[in-house]
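I have placed the structure first, in the form of structure tokens, so that the comments after it can refer back to it.
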Amino acid sequence: MIEEVLATARYNAKIDPQLGIWTWEIAFYLFLGGMAAGIMLFSAWAVLGRRQDELPFAHNRFALWAPIVLSLGMTTLFLDLEYKIHVYRFYTSFQPTSPMSWGAWVLVLIYPLMIVQTLSTLRAGYTMLADLLEKLPGGAALLDLCEANRRLIAWLVIPLAVGLGIYTGVLLSAFSARPFWNSGILGPLFLVSGMSTAAVLPLLISARGPEQRFFERSDLGLILIEITLIGLLLISLATGAEQHLQALGLITGGQYTVPFWLWFVMPGLLIPLVLEIAALRGIRVAGLAAAVLVIFGGFILRYLMVEIGQVSTWTEYALQFDPQLLERLTQ
Amino acid sequence: MTTYAMVIDTRTCIGCGDCVVACKNENKVPAGLNRDWVVEATRGEYPNLETEFRSERCNHCGHATCVTNCPTGASHYWKDTNIVLVAAEKCTGCKACIAACPYDARLLMHPEGYVDKCTFCHHRVEQGLDPACVSSCPTHCMHFGNLDNPDSVVNRLLRERRHKVLMPETGNQPNVYYLI
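Residue numbers (the working numbering), protein chains in the order written: chain C, 416 to 746; chain W, 22 to 201.
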């Protein structure tokens with residue numbers, strides 16, 4: 416038996432009795448960042464594949480959603496900062512060993528790119544917005560330039576959007592101090608999940624006919640890959656060291672078992688998988704239900720990951736006057 | 022890099038908590054927050070029990086993951102030593118360093134929101150003094166010194182006594198040693 420008890424008071428806010436530094440704000444940021452990456456990728460894919468007839472929404476209208484979604488995410492990220500007035504400090508240095516620093520600087524590349532990607536679609540997708548922009552000095556020339564380089568922009572989008580999607584996972588997996596996060600699978604998992612949540616957006620907005628089937632098929636494939644990656648994540652934890660086994664225990668019998676399997680895996684992966692199959696067989700309402708569930712699952716995945724990772728730890732002390740200690744005495 | 026270390030004798034520590042009070046006084050740590058704390062670890066089965074008191078704080082790691090994960094350079098090594106400090110004027114309160122510390126040795130200052138931690142009382146070290154917790158220990162179980170100096174008290178104790186660090190398997194190379 417070993418029992419480690421704090422003999423002096425320690426109740427540092429958000430750290431004791433267990434880590435709770437990141438909550439819904441970070442989960443929303445990771446969710447929306449992944450979704451923005453997915454939107455950029457599908458838009459670029461439609462352009463590179465010259466699929467304007469088959470995928471009109473993805474080709475001409477989808478790109479505008481990326482900066483909106485990412486900006487919402489950046490807002491919640493800002494809300495999470497404890498010392499908000501110092502937010503500019505992210506851009507007064509570059510720290511090569513810090514994934515968060517990389518993320519901050521990648522956003523400097525991503526934002527202009529998603530703006531020019533949007534501008535390259537504006538005349539075809541949002542005539543009114545294009546007209547407004549053309550009234551500004553140089554607006555028409557800017558639109559001309561973006562349209563002329565549409566394929567080049569799409570090519571540039573692919574690596575940067577993949578980087579953004581993976582980054583949302585690496586941000587967590589880089590913390591070796593949190594065994595539940597410390598797996599290389601998290602990057603691809605968050606990328607695929609982000610693409611899945613982006614794939615269902617057109618189903619909810621306007622996709623019909625061949626485009627609807629394209630996104631339903633895409634989402635079905637992405638869900639299957641996501642399930643595989645979740646399986647690999649569990650295997651990597653199950654074959655890890657003691658801390659990883661303890662972290663795995665949190666979702667296999669521990670306090671997060673019900674949330675993980677019944678709030679995420681079931682409604683966020685398995686039910687949408689069945690519904691997407693039904694949708695591909697012509698039941699349209701199944702596709703819509705799948706879309707809603709995939710978005711819910713995408714957020715819950717991030718929310719649970721953020722929370723479980725903080726609970727999985729190397730250090731755990733009982734508080735001296737913790738009533739549970741009395742219970743241990745009677746066992 | 023100069024490596025400073027703290028060596029704490031668990032055989033003479035009585036868990037009085039004076040180190041905790043001394044730190045709060047010296048560094049004006051606000052009420053409700055702690056840079057150091059004392060752990061009472063009990064091992065064995067009754068009646069063969071063994072108790073160890075450990076005064077714990079930031080381990081001023083040689084490979085500090087809080088420093089490598091800080092996106093702004095706010096978490097840094099002080100003057101080419103292993104003493105890890107936080108520059109409040111660079112801290113955004115992103116909390117990456119808190120997530121990166123396997124010892125959960127950092128805290129958030131309120132109401133400002135920057136991250137704070139044990140500094141090994143570098144302002145005292147600069148003057149050739151020991152950290153406040155070491156100076157105030159009534160049983161003299163705490164020792165501080167330069168690990169690079171073979172004649173330092175910390176080196177002598179580590180040569181002569183069995184010792185351990187907390188969770189060396191993290192790879193962080195902690196520099197708070199416990200004599201056992």
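Ideal Cβ positions, reconstructed from N, Cα and C, are used throughout, including at glycine. Since the structure is predicted, the reported quantities are computational estimates derived from the model, not experimental observations.
I want to verify the contact list: residues of chain W whose CB lies under 8 Å from the CB of residue i, in sequence order.
i               : result
R425 of chain C : N55 and W58
Q532 of chain C : Going along chain W, no residue has its Cβ under 8 Å from Q532 of chain C, so there is no contact; the nearest lies around 26 Å.
L434 of chain C : I119, A120 and D125
F675 of chain C : Chain W residues near F675 of chain C: none, gap ~20 Å exceeds 8 Å.
Please confirm whether residue i has its beta-carbon closer than 7 Å to some beta-carbon of chain C.
i               : result
D169 of chain W : no
V28 of chain W  : no
S72 of chain W  : What sits at residue 72 of chain W in the sequence shown is Thr, not Ser. Chain C, which has no Cβ nearer than 7 Å to the Cβ of T72 of chain W, makes this no.
Below 9 Å on C-beta distance, what does residue i contact in chain C?
i               : result
R32 of chain W  : None at all; the shortest Cβ gap to chain C is about 16 Å.
D172 of chain W : Those do not exist, as D172 of chain W stays about 33 Å from chain C at its closest Cβ, beyond 9 Å.
E66 of chain W  : M416
Can you tell me whether residue i is helix, strand or coil according to DSSP?
i               : result
A62 of chain W  : strand
G216 of chain W : What is shown of chain W runs 22 to 201, which leaves residue 216 of chain W out entirely.
L129 of chain W : strand
T72 of chain W  : strand
A592 of chain C : coil
D546 of chain C : helix
W442 of chain C : Checking the sequence, you will find Ala at residue 442 of chain C rather than Trp. It is helical.
L571 of chain C : helix
D172 of chain W : coil
Y124 of chain W : coil
I600 of chain C : coil
M27 of chain W  : strand
Is the CB of residue i under 7 Å away from at least one CB in chain W?
i               : result
I417 of chain C : yes
H501 of chain C : yes
T730 of chain C : yes
S608 of chain C : no
S513 of chain C : yes
R747 of chain C : Residue 747 of chain C falls outside the range modelled here, since chain C spans only 416 to 746, and no answer is possible.
S508 of chain C : yes
L446 of chain C : Here residue 446 of chain C is Phe; the residue named in the question, Leu, does not match the sequence. No, its Cβ sits nowhere closer than 7 Å to a Cβ of chain W.
I441 of chain C : no
Do the CB positions of residue i and residue j come within less than 7 Å of each other?
i               : j               : result
G683 of chain C : A694 of chain C : no
L129 of chain W : A428 of chain C : yes
F141 of chain W : I104 of chain W : yes
T491 of chain C : F446 of chain C : no
I573 of chain C : A459 of chain C : yes
F679 of chain C : L716 of chain C : yes
R538 of chain C : K111 of chain W : no
V107 of chain W : V136 of chain W : yes
V28 of chain W  : L178 of chain W : yes
A662 of chain C : L652 of chain C : yes
Give me the chain W residues within the contact set of residue i, using Cβ-Cβ distance strictly less than 9 Å, ordered along the chain.
i               : result
R593 of chain C : A120, A121 and P123
E497 of chain C : C112, T113, G114, C115, K116, L129, M130, H131, E133, G134, Y135 and V136
L420 of chain C : First, the amino acid is wrong: residue 420 of chain C is Val here, not Leu. Within 9 Å Cβ-Cβ: V60, E61, A62 and T63.
R504 of chain C : P92, T93, G94, A95, E110, K111, C112 and T113
By the criterion of Cβ-Cβ separation under 8 Å, what are the contact partners of residue i in chain C?
i               : result
V155 of chain W : The premise fails here: V155 of chain W is roughly 16 Å from chain C at the closest Cβ pair, so nothing lies under 8 Å.
C140 of chain W : Going by the sequence as given, residue 140 of chain W is Thr instead of Cys. Neighbours of T140 of chain W on chain C: none; closest Cβ ~16 Å, over 8 Å.
Are there three or more Cβ pairs, one per stretch, closer than 8 Å when the stretch 618-627 of chain C is compared with the stretch 584-594 of chain C? no
Do three or more CB pairs link the stretch 451-470 of chain C to the stretch 604-624 of chain C at distances below 8 Å? yes
Three-pair Cβ contact test at 8 Å for the stretch 116-126 of chain W versus the stretch 187-197 of chain W: yes
Does the pairing of the stretch 33-45 of chain W with the stretch 154-165 of chain W give three or more beta-carbon distances under 8 Å? yes
Segment contact, 8 Å Cβ cut-off, at least three pairs: the stretch 467-481 of chain C with the stretch 631-638 of chain C: no
Touch test, the stretch 460-467 of chain C against the stretch 84-104 of chain W, Cβ-Cβ under 8 Å, three pairs minimum: no
Check whether the stretch 434-441 of chain C and the stretch 595-602 of chain C are in contact - that is, three or more C-beta pairs closer than 8 Å. no
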